[in-house]
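Residue numbers (the working numbering): 105 to 528. Virtual Cβ for every residue (Gly too), placed ideally from N, Cα, C. One structure is given below, encoded as C-alpha cells.
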C-alpha cells in the first residue's frame, strides 16, 4: 500500500468552495468579485481561475485584511478596495463579495457597509471557503445566492428555447466545449435562452424562466440549480450529461428530443459524415499500428466529465480490458451504463485505494490532470492525456472541444497520437 495520500481540497484534485463561488460569479458579464480574506486565499483561487481567463485581475480583487481585522472587522479594507474598483470600473452590474473561511467568523454586515457607502452598486454577499466543500459546492452556493437576488422577467416561452445549466469555462477546455454544445443544439433547431455561468449578463439571467427546458450538463454544478428553477417556475429539466463521442452525442440529443421534439436531420448528416471520416482514418492507422488498444485505462476528473468520457472511451473510441473511473464526489443522479465501467472510485471516500491504483498502474492510458500523472511510474509503459486541471506539462493555445462532433475528431486524434508514440 502506498504511503502517499491524495488530498482532495486545496491541494491535488479539487479547489476550495471560494474558488468555485468566484467561478460562477465571474461567468456573469460585467460582474466583479471581491475576496474578503487573506491574500493567499485570493491568489490560490486566482491561480486556478486564470488558467481559463488570463486577464482575471481586472475582474477579481482582494481586500487584504490584516491581523487586526479579526478584532475590529473588515469595513475599512473593504471600503478602500471598493474605492479602487470604482475608479477602474464606472458601471458594475454585480459585485459579488465572498468571505474566506476565517473572515466568515467576524460577522461584519458587509452588504450594509456597501449599501451605505456605494448605494449604486448591486451587491451579493456570501460566506464560502474550504470548510464548506470544493469547487462544485461553492459554484452551486454562489449560483443559488445570486439567483435569489434577481427579479425575473416572466414572459411566454419559446417552445424550443432551452437554458444550459452547469457549464463553466473554468473547467479544462470548458469554453470550447460550451461553444460546441451550443452549435449542436442550434443544428437541431433549439434556441439558447441563457448559458448560465458563461457570459450571461444579469439582464439575460432575468429571462431564465422563459425557457421551455433546462438542460443540465455537469450534474455536480447544475442539478441543484435546475431543481431550484423547477420549484420556482415549474421549468422541466433533463440531466443530459456531457456529449462525448458521436454515438454519445446522438444519445445526448435523444434525451433532449424526448422532452422537446426537434428536427435533427442536419445534425445526423454531419454526425454520419464525421463518423465516416474518423473510421477511414482509424482503419488506415490500424493497418500500420494495430488496433487502438490499452490494457488499462484510468479516467479522473469532475464527476460528470469523468463518467461521460469513460463511456465514450469504452463504447466507441478505444478498446481496453480494464476501465477505472475516479470522480470527485459520490453522485446518483446520472443515468449511465454502469456495466461499461469496471471500477468506480470516489476521492471523498476512496483516497487510499486511489493512491494504490496510481502507484501500481501500468500498461495503459491515464486521462486526468498532471497531478495524477505525476504519481505514476513513467517506466511502466503508461500514456497520458490531460482532461482536467491542473496542467503543468502541456500547453494548449487553441480552443478545440473535447465533446460533440468536432470534439470526437480531436479526441481520436489525441488518443491515436499517444498510442503511436507509445509504440515508437
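- Item | Sequence-distant residues of its chain with Cβ nearer than 7 Å to residue 359 (five each side left out) | 342 and 344.
- So residue 477 is in the alpha helix (DSSP H); what residue range does that whole segment cover? 474-478
- Item | Residue closest to residue 243, alpha-carbon to alpha-carbon, out of 271, 206 and 183 | 271
- Inter-residue Cα distance where the pair is residue 205 and residue 400: The alpha-carbon atoms of residue 205 and residue 400 are separated by roughly 40 Å.
- Task: Taking only runs that begin and end inside the stretch 175-249, name each unbroken beta strand (DSSP E) of 3 or more residues, in chain order.
- Result: 198-203 and 227-231
- Task: Identify whether residue 170 lies in helix, strand or coil by the three-state DSSP scheme.
- Result: coil
- Task: Tell me whether residue 281 sits in a helix, a strand or coil according to DSSP, three-state version.
- Result: helix
- Where does the unbroken alpha helix (DSSP H) through residue 334 begin, and where does it stop? 323-337
- Query: Thinking C-alpha only, which one of 213, 264 and 452 is nearest residue 340?
  - Reply: 264
- Nearest-angstrom Cα separation, counted from residue 478 out to residue 110: Low per-residue confidence applies at residue 110: pLDDT is 47, beneath 50, and the placement is therefore not dependable, though the value from the model is reported in the following sentence. Straight-line Cα distance between these residues: approximately 12 Å.
- Query: Would residue 225 pass as a contact of residue 182 if the rule is Cβ separation under 8 Å?
  - Reply: no
- Message: Relative to the C-alpha of residue 284, which candidate in 321, 460 and 256 has its C-alpha closest?
- Response: 321
- Query: Taking the alpha helix (DSSP H) that residue 447 falls in, what are its first and last residues?
  - Reply: In the DSSP annotation of this structure, residue 447 is not part of any alpha helix (DSSP H); the continuous beta strand (DSSP E) holding it starts and ends at 447-450.
- Query: Grouping DSSP H, G and I as helix and E and B as strand, with all else coil, what is residue 127?
  - Reply: helix
- Message: Buried or exposed, going by whether 16 or more other CB atoms sit within 10 Å of the CB of residue 258?
- Response: exposed
- Quick one: is residue 381 buried, meaning 16 or more other Cβ sit within 10 Å of its Cβ, or exposed? exposed
- Take residue 489 and list the residues in its own chain whose beta-carbon comes closer than 6 Å to its own, dropping the five residues that flank it on each side. 471, 518 and 522
- Message: Using only CA atoms, which one of 468, 492, 361 and 485 lies nearest to residue 475?
- Response: 492
- Query: Based on Cα-Cα distance, which residue from 319, 262, 289 and 280 lies nearest to residue 268?
  - Reply: Nearest to residue 268 by C-alpha distance, out of 319, 262, 289 and 280, is 319.
- Message: Taking the alpha carbon of residue 207 as the reference point, which residue from 323, 176 and 353 has its own alpha carbon closest?
- Response: 176
- Query: Would you call the stretch 284-300 and the stretch 499-510 touching, i.e. three or more CB-CB distances under 8 Å?
  - Reply: yes
- Item | 8 Å CB neighbourhood of residue 87 in its chain, flanking five on each side removed | Any question about residue 87 goes unanswered here, given that the chain covers just 105 to 528.
- Element boundaries [beta strand (DSSP E), containing residue 318]: 317-320
- Straight-line Cα distance separating residue 303 from residue 240: 19 Å
- Query: Nearest to residue 278 by alpha carbon, out of 337, 433, 500 and 460?
  - Reply: 500
- Item | Same chain only: Cβ atoms within 6 Å of residue 405, ignoring 5 sequence neighbours per side | 491 and 492
- Task: Just tell me which of 196, 146 and 362 has its CA closest to the CA of residue 169.
- Result: 146
- Query: Starting from residue 460 and walking both ways along the alpha helix (DSSP H), at which residues does that stretch end?
  - Reply: 455-464
- Nearest neighbour of residue 395, chosen from 429, 455, 421 and 195 [CA to CA]: 421
- Task: Name the two residues that bound the continuous alpha helix (DSSP H) containing residue 522.
- Result: For residue 522, the enclosing alpha helix (DSSP H) starts and ends at 508-527.
- Task: Report the rounded CA-to-CA distance for residue 460 versus residue 467, giving the unit in angstroms.
- Result: 15 Å
- Query: What residue does the alpha helix (DSSP H) around residue 388 start on, and which one ends it?
  - Reply: 369-393
- How should residue 141 be labelled, buried or exposed, when 16 other C-beta atoms within 10 angstroms of its C-beta is the threshold for buried? buried
- With residue 341 as the anchor, note down where its beta strand (DSSP E) starts and where it stops. Per DSSP, residue 341 is one residue of the beta strand (DSSP E) stretching across 341-343.
- Any idea what DSSP makes of residue 262, helix, strand or coil? coil
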